[in-house]
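Trainee:
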Amino acid sequence: MFLENDEMKFAILYTLNVYKYPLSIERFAELLTWDEEVMSYFDLTILLSELIEDEFIERLYYRNEECVKLTQKGESANEFFYERVPLSIRENIKSLADKEGFDEKTNPNAILTDILPVSRNRYMASMTILDAGTPILELKIDVGHRSEANKAKSILKDHAEQIYKYLCKTIDENK
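Each residue of the sequence shown is one higher than the one before, counting from 0 in numbering that gives the first Met the number 0.
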């Protein structure tokens with residue numbers, strides 16, 4: 000089953016969202032080009048370039064491999080369009096991710112961010128920093144509406160290292 004051009008882009012965004020952290024281009028290609036069921040390798044390379052250019056995805060080096068990961072813009076697009084990816088493909092991608100255990104166990108030094116509902120129309124942004132799989136910092140902040148929670152989540156993710164260093168320095172100074 001080949002997908003339309005937009006559906007292939009949404010499948011790329013969905014896959015990166017499921018895996019949560021940078022995915023090597025080689026492994027990414029294996030996931031989306033199996034027997035050319037979702038897309039061909041040629042389509043994948045073209046669409047990746049377009050998504051990188053449009054800033055939905057960023058390319059980086061992670062664990063000495065060239066990888067790709069979602070940007071905040073890509074996460075927002077995925078939240079809105081993921082249902083355009085056929086359910087059978089979403090289930091297959093999710094199943095592969097679950098089998099491979101791509102979560103904080105695989106990425107022991109992860110920065111995990113999320114949005115948590117507090118009450119009707121109130122949300123918190125949360126961040127957990129892991130070191131060797133152990134949480135070394137957990138932070139939750141009540142920010143109000145969902146749009147503010149999205150902004151706060153993005154800020155926490157982008158500035159996690161600085162937040163952690165600041166807290167450690169402040170605690171160290173007050174010993």
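All residues carry an ideal CB built from backbone N, CA and C; glycine is no exception.
1. Kindly indicate the opening and closing residues of the alpha helix (DSSP H) around V117.
2. Beta-carbon within less than 6 angstroms of I135's beta-carbon, same chain only, minus the 5 sequence neighbours each way: which residues are those?
3. Please confirm whether E57 and N16 have their CB atoms less than 8 angstroms apart.
4. Whole angstroms is fine: what's the gap from T208's alpha carbon to A28's?
5. Tell me which same chain residues have a C-beta within less than 6 angstroms of the C-beta of N173, skipping the five on either side of it?
6. Rounded to a whole number of angstroms, what is the C-alpha to C-alpha distance between M7 and Q161?
7. Which term fits Y60, buried or exposed, when burial requires 16 or more other beta carbons within 10 angstroms of its beta carbon?
8. How should T169 be labelled, buried or exposed, when 16 other C-beta atoms within 10 angstroms of its C-beta is the threshold for buried?
9. Can you grab the Cα-Cα spacing for the pair D102 / D171, in whole Å?
10. Whose C-beta lies closer than 7 angstroms to the C-beta of V117 among residues of the same chain, with five residues either side of it excluded?
11. Am I right that S125 and C66 are in contact with their C-beta atoms under 8 angstroms? What's the rounded C-beta distance?
12. Please tell me whether L47 and I11 are closer than 8 angstroms, where the distance is taken between their beta carbons.
13. Measuring CB to CB, does Q71 end up less than 8 angstroms from S153?
14. Residue ranges of each beta strand (DSSP E) run of no fewer than 3 residues wholly in the region 128 to 155, ordered along the chain?
15. Starting from E6, trace the alpha helix (DSSP H) both ways and give me its first and last residue.
16. As a quick exercise: from F55, D157, D97, Y40, pick the residue whose alpha carbon is nearest that of D113.
17. So for S125, helix, strand or coil by DSSP?
18. Can you tell me whether K168 is helix, strand or coil according to DSSP?
Mentor: Considering the structure as presented:
1. In the sequence shown, counting from the first residue as 1, residue 117 sits at position 118. Here V117 belongs to no alpha helix (DSSP H); instead the beta strand (DSSP E) covers 110 to 118.
2. The residue given as residue 135 occupies position 136 in the sequence shown. Closer than 6 angstroms at Cβ, skipping near neighbours: I128.
3. Mapped onto the sequence shown, residue 57 falls at position 58. Mapped onto the sequence shown, residue 16 falls at position 17. Their beta carbons are not under 8 angstroms apart, which means E57 does not touch N16 by this criterion.
4. Look at the range of the chain in this structure, 0 to 174, and you will see that residue 208 is not part of it.
5. What you label residue 173 is simply residue 174 of the sequence shown in a count that begins at 1. Cβ neighbours of N173 beyond the five flanking positions: none.
6. Locating residue 7 in the sequence shown gives position 8, counting from the first residue. Locating residue 161 in the sequence shown gives position 162, counting from the first residue. Spanning the two alpha carbons is a distance of roughly 36 angstroms.
7. Within the sequence shown, residue 60 is the residue found at index 61, counting from 1. Flag for Y60 reads exposed.
8. Against the sequence shown, residue 169 aligns to sequence position 170. Per the 10 Å Cβ criterion, exposed.
9. One-based indexing of the sequence shown puts residue 102 at position 103. One-based indexing of the sequence shown puts residue 171 at position 172. Because D102 sits at a pLDDT of 49, beneath the cut-off of 50, its placement in the model cannot be relied upon, and the following sentence gives the value as read from the coordinates. Their Cα atoms are separated by approximately 31 angstroms.
10. For the purposes of this step, residue 117 is taken as residue 118 along the sequence shown, with counting starting at 1. Result list for V117: M123, D141, in chain order.
11. One-based indexing of the sequence shown puts residue 125 at position 126. One-based indexing of the sequence shown puts residue 66 at position 67. About 25 angstroms; that fails the 8 angstroms criterion.
12. Within the sequence shown, the letter at position 48 stands for residue 47. Within the sequence shown, the letter at position 12 stands for residue 11. Yes, they are a contact pair.
13. Residue numbering aside, residue 71 sits at position 72 when the sequence shown is read from its first letter. Residue numbering aside, residue 153 sits at position 154 when the sequence shown is read from its first letter. Contact: yes.
14. 133 to 143
15. Working through the sequence shown from its first residue, we reach residue 6 at position 7. Segment 4 to 18, the alpha helix (DSSP H) holding E6.
16. Here residue 113 refers to the residue found at position 114 of the sequence shown. When each option's Cα is compared against that of D113, the closest is D157.
17. Here residue 125 refers to the residue found at position 126 of the sequence shown. Note: S125 maps to strand in three-state DSSP.
18. Taking the sequence shown and counting its residues from 1, the one referred to as residue 168 is at position 169. Of the three classes helix, strand and coil, the one that applies to K168 here is helix, per DSSP.
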